[in-house]
Structure formats: C-alpha cells, structure tokens
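J.: If you read the sequence shown in the numbering used here, its first letter stands for residue 150, the second for the next number, and so on.
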Amino acid sequence: WRRTLFGLACFATLIALFYAEEDWRGWHTWNQFKHQWEAKGEKFTFASVVPPPVPDDQNFAMTPIGFTSYGNILNRAGHKIPYNTNFDRRMDISIVHDYETAPAGGSGNWEEGKFANLAAWQGYYRNLAAKTNEFPVPAKPGSPAADVLLALSQYAPVIDELRQASRLPDSRFPLNYDIACPAEILLPHLSALKNCDRVLQLRSLAELQNSQPQQALDDVRLALQLSGKVRTEPFLISHLVRIAMVQAALQPVWEGLAEHRWSDAQLAELDSQLAKLDFLADYQLAMRGELGCQCGIFDYLRHQPREFLNMVGEMQPSRDNLSPLTALVPAGWYDQNQFRCARMMVEYYVPVANLDQRTISPTAIRKADKVLHDETRALTPFNLFERLLMPALSNCAQKFAHGQSSVDLARVAIALERYRLAHGEFPETLGALGPQFIARLPHDVIGGQPLHYWRTDDGQFMLYSVGWNEEDDGGTVVYAPKSKPPRVDSKQGDWVWRYPAK
C-alpha cells in the first residue's frame, strides 16, 4: 500500500506539474504578446469594440419602423424573448413569394454588363397572381416597369416610414452586448435590412424605366442610408451584408448612367452619397471587431469549459458524454489559442488595409494565408481555434476590396457622365474630371496606381481596376468555371465598369 500510495502521489504530482507548466507557459505567452501590443494602442477585449450608446430620439433602430426588424425575437434591451408570430414585421418585406421561383438574373448585374429584366418580373407577378394575391397586378398588362411598380406599391407606406426614420443621425440596434458569449448575440435585423434593400433596388430600376429618375434617386439614396445603419457593429457579418446592399444599390446607378437618365444635379447627389462610404476603414473596424469577439469567446470558455465542443461545432450524439472531459483542458491551452488567433489578426490581417495609402494588398493576404497554412498544417491543442476561425478571413478581405473598388468605379463613372453632359463627349483622360466633376479622383485600391481608362470607338469608355490578381488583364471579366448561371469570378480578371456596346 505504501508503494501504491507513493506511486499515486508521484502521478498526481506529475499531473499537477503538467497543468502548472502548461498554464504558466500559455499565460506568459499570451500576456507578453498582449502587453506588447497594448502599448501600441491595440485592445483585446470585447467591450472595446462595443459601439457607444445612442440617445433613443436620435436612434434609427429605436423608431417604430426600426423596431419591426427585430421585435419578434428581441426586446428593446436586446434580450431574447419568445418568438412572436403575430408581431408587426413591417420591415420584413420581399420582392418574391419564394426566392426559388424568382426570375433568374431578373435584377441584372452591372459587373456582367446586364440590365434588369423587368419583363421577366412582370411575368413573374402575373403568373403568381393565379396562386396568391400577395402582389397586386393590373387586369391587363401594361409596361413592365409600370406593372412592377404596381406590384411593389403595397410597400409604399413602409418605404415612406423608413425614409423618415433614416433622417435620424445615428443608429445602434439594441443587441445584447452583455451576453456571456459574443457568438450567441442574435442579429435578426440584418435580414430585414437586406430585404428592404432588394425592394428598393427593384423599385428604383422600374422607376428609371418609367421615366421617374428623381424617385429612383430617392430610393437609391435610402438603400445606401439603410446600409449604413449597422456600420458601427463589431460583427464581420454585419459589414458583409452592408457590402452586398451597396452592390445591389449600384445596379440602378449603372443602368441610369448607361442610358443617360440622370441629370447633373442627380449625379452630384449620387456622388455625395457614395463618397461617404469607406470600406477600407470598415475593414479594419470589422477585423478588430472579429478580434474582440474572439477574445470574448476565449474569456467565456475559460469560465465555461463545457461549452468547448459547442464552440468547435461538435454535433455528434456523443457530445454530452464528452463534455465533462473538456473541463480537463488546461487553461494555458486557451491562452495559446488566443495568442495565435490574435497574432494572426494584428500582425497579418488588420494591416492588409492601408488607410493612409488607400489600398488593400492581396499580396499581404496571400502571405497571411501561407503563414496560417504552415501553422495549422498539423492539428495541435494550440492551433485548434486558429484552424477554425481564421481561414475565411482572406475571402472577407477580398470582398471589402471589391466593395470599395466598386464604389470608386461608380464615382468615377458618375464624374465621366457629368463631363459628357457638359462637353458632349467623354474626356480623353481621367485627369480632366477634377475638381469640377469630382473633388478627388480615387486611385486603384489594388496597388495604388491610377484606374485604367480609355474611350472606345463606339463613344463609350472602359474603366477598370486590376482586381484581386493584381494583373492588368486589359479589362477582361472572368467568369467562375462551371457556375450555373454564369457569374463573375471576382478573384480573377479585372474589376470593370463598362456599358454594353451601342
């Protein structure tokens, strides 16, 4: 018995030493890194990325119409409530009865040089009328634009209320930032905002075709304003939704330019709205928000280790049986994982966007991806979360770069159209645009060189960025292989703004 007890004591001592060594090593690694970067101004808490409070009387999210985007799930304090099926969800509007039956390509695609197919939407609403009265249709078909506007006319009161509420200077949705785990914060308002954006896009396209450019401008302006209502949120998904909303709003801008439907005053207003967008700054905000969320998750797991399997997405029936074992994970392993994730963020992913030079570097992203690949090639207890959380960030950086480039191309195209209205033709060079038609000519966010531009033989022009591959492909748009329907591969070829040949 003495030998057995001595052996057990030695074994227990070895285990205690193992935990002490792992915990100290992890704590030392993480805190040394954290203090080094905190001295440079970096912050590593979720609280540091929570947007400041906004007075209710200045807050779009607290208006009656704003509340309808989340009030069926959250109360005004951001706490989850029982789902209310009878709640007034005025913002949850839609252009379709079922997205699976929506006309393919009906909303157009400016990157592909395709106009919206309003005749397809007209047919969709008329065919749908035989099954449901969800969208009003006239007894006899009119013009495609008029029929689409009639179908969407039921949303006029909602849009008018949104327009009034959007005049408020601030927006902060009442999310539960005090929740223990940031990954559990609900964001129901994002889908409502995106649905409103789709309605405004289709409505403005129909208004342009119906010779109502001022109404189209009002709807484009509102769509851009709605995209900004989540700008201060520290969630990457919020900013990706914003980018998608802005890309949709650029379709009517492109069509109005292609068909010369905007007046000079309307073009100046469009430029002033687009000039407010800065997706490079938003990229750094989103990355620091992602860093803050990660830090909040690690803090949560240190106190709730049994939730570890939920964090890594384990959904096997044996999860509950394994859950008690997660309490045996040394605290230092969480420190090691947090160190690796935070280091990748502050040393590699955040600096990808250079706000002084107004560029995003695909080369820097590829370098970050290589470091990440090398570090996570073999799974260890120290890189599990690095392997789970980091790989998608390079695609996100590309989306921010593409979003900013799209806005810059649109602004230059607006200035070109204003020049054409004044001089009867497009200029020989982009240098002729400033400062009369654009205050400051943006350069290519990829590489920082001037955007490529020349006049074409048919009286139009070619305008493009070299795109994510950082190569001048002569304005070539590349489509993703085997995609059905064909879609632009924004990682290949150039990012192009052009109009169909006359």
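C-beta atoms are modelled at their ideal positions from N, C-alpha and C, and glycine is treated no differently.
Bear in mind the structure is a predicted one, so any value in this text is a computation, not a measurement.
As a quick exercise: from A161, R451, A417, R647, pick the residue whose alpha carbon is nearest that of E408.
T.: R647
J.: Check whether the stretch 363-376 and the stretch 306-313 touch, using three or more Cβ-Cβ pairs below 8 Å as the test.
T.: yes
J.: Spell out a yes or no on whether the stretch 323-337 and the stretch 223-234 are touching, meaning 3 or more CB-CB pairs, one atom from each, closer than 8 Å.
T.: Contact between the stretch 323-337 and the stretch 223-234 is present, because at least three Cβ pairs lie under 8 Å.
J.: Evaluate H388 with the Cβ neighbour count: other Cβ atoms within 10 Å of its Cβ, from every protein chain shown; 16 or more gives buried, anything less gives exposed.
T.: buried
J.: With a floor of 4 residues, list each alpha helix (DSSP H) that falls wholly inside the stretch 536-600, ordered by position along the chain.
T.: 542-572
J.: Which residues in the same chain have their Cβ closer than 6 Å to the Cβ of A502, if we skip the five residues on either side of it in sequence?
T.: L429, Y432, Q433, I509
J.: Can the beta-carbon of F195 be found less than 8 Å from the beta-carbon of F488?
T.: no
J.: Where in the stretch 300-335 do unbroken runs of the alpha helix (DSSP H), each at least 4 residues long, occur, reported from the N-terminal end onward?
T.: 305-314
J.: Just tell me which of A559, H572, A295 has its CA closest to the CA of Y274.
T.: That would be A295, whose Cα lies nearest to the Cα of Y274.
J.: Judging by CA-CA distance, which residue of L371, Q485, A265 is the nearest neighbour of V307?
T.: L371
J.: Compute the distance between the beta-carbons of L426 and V402, then report whether it is under 8 Å.
T.: no
J.: Go ahead and label G438 buried or exposed: buried means 16 or more other beta carbons lie within 10 angstroms of its beta carbon, across all protein chains shown.
T.: buried
J.: Does the beta-carbon of D206 have 16 or more other beta-carbons within 10 angstroms, so that it is buried, or is it exposed?
T.: exposed
J.: Determine the direct distance from the alpha carbon of K378 to that of D319, and round the result to whole angstroms.
T.: When rounded, the distance between both Cα atoms is 8 Å.
J.: Check each candidate in M539, S639, C345, C444 and name the one with the smallest Cα separation from E524.
T.: M539
J.: To which residues of the same chain is H338 closer than 7 Å at the C-beta, ignoring the five residues directly before and after it?
T.: S218, Y219, F322
J.: For G405, name the three-state secondary structure that DSSP assigns.
T.: helix
J.: Please state whether the Cβ-Cβ distance between L375 and L342 is less than 8 Å.
T.: yes
J.: Do V199 and P383 count as a contact pair if the criterion is CB distance below 8 Å?
T.: yes
J.: What do you get for E283, buried or exposed, if any count of 16 or more other CB atoms within 10 angstroms of its CB means buried?
T.: exposed
J.: Suppose you measure from the CA of C345 to the CA of T625; what does that come to, to the nearest Å?
T.: 33 Å
J.: Which residue marks the beginning of the alpha helix (DSSP H) containing Y613, and which one marks its end?
T.: Element bounds for Y613: not the alpha helix (DSSP H) but the beta strand (DSSP E), 610-614.
J.: Using three-state DSSP, classify R152 as helix, strand or coil.
T.: helix
J.: Mark T381 as exposed unless 16 or more other C-beta atoms lie within 10 angstroms of its C-beta, in which case mark it buried.
T.: With 16 or more other Cβ atoms within 10 Å, it is buried.
J.: Note down the Cα distance separating G608 from L504, rounded to an integer number of angstroms.
T.: Near 36 Å, if we compare the C-alpha coordinates of L504 and G608.
J.: Between which two residues does the beta strand (DSSP E) containing S218 stretch?
T.: Segment: none, S218 is in no beta strand (DSSP E) and carries neither H nor E.
J.: Mind checking R468: buried by the 16 CB within 10 Å criterion, or exposed?
T.: Note on R468: pLDDT 43, under 50, position unreliable in the model; the coordinate value appears next. By the neighbour-count rule (16 or more Cβ atoms within 10 Å), R468 is not buried but exposed.
J.: Nearest by alpha-carbon distance to R567: which of Q641, Q422, R410, Y602 is it?
T.: Of the listed residues, the one whose Cα sits closest to R567 is R410.
J.: Measure the C-alpha to C-alpha separation of A277 and G580 and round it to an integer number of angstroms.
T.: Checking the displayed sequence, the identity of residue 277 turns out to be Leu instead of Ala. Cα to Cα, L277 sits roughly 51 Å from G580.
J.: Run through the DSSP bridge pairs and tell me what N503 is partnered with.
T.: Note: N503 sits in a beta bridge opposite T508.
J.: Just the Cα atoms here: how many angstroms apart are G596 and D606?
T.: 28 Å
J.: Which residues in the same chain have their Cβ closer than 7 Å to the Cβ of D622, if we skip the five residues on either side of it in sequence?
T.: Closer than 7 Å at Cβ, skipping near neighbours: G642, D643.
J.: So, are the CB atoms of L373 and A398 less than 8 Å apart?
T.: Yes, these two residues count as a Cβ contact at 8 Å.
J.: Please determine, among V556, S554, Q485, P511, the residue with the shortest C-alpha to C-alpha distance to G175.
T.: Q485
J.: Span of the alpha helix (DSSP H) holding Y449?
T.: 428-452
J.: Note the first and the last residue of the continuous beta strand (DSSP E) segment covering Y628.
T.: 626-628
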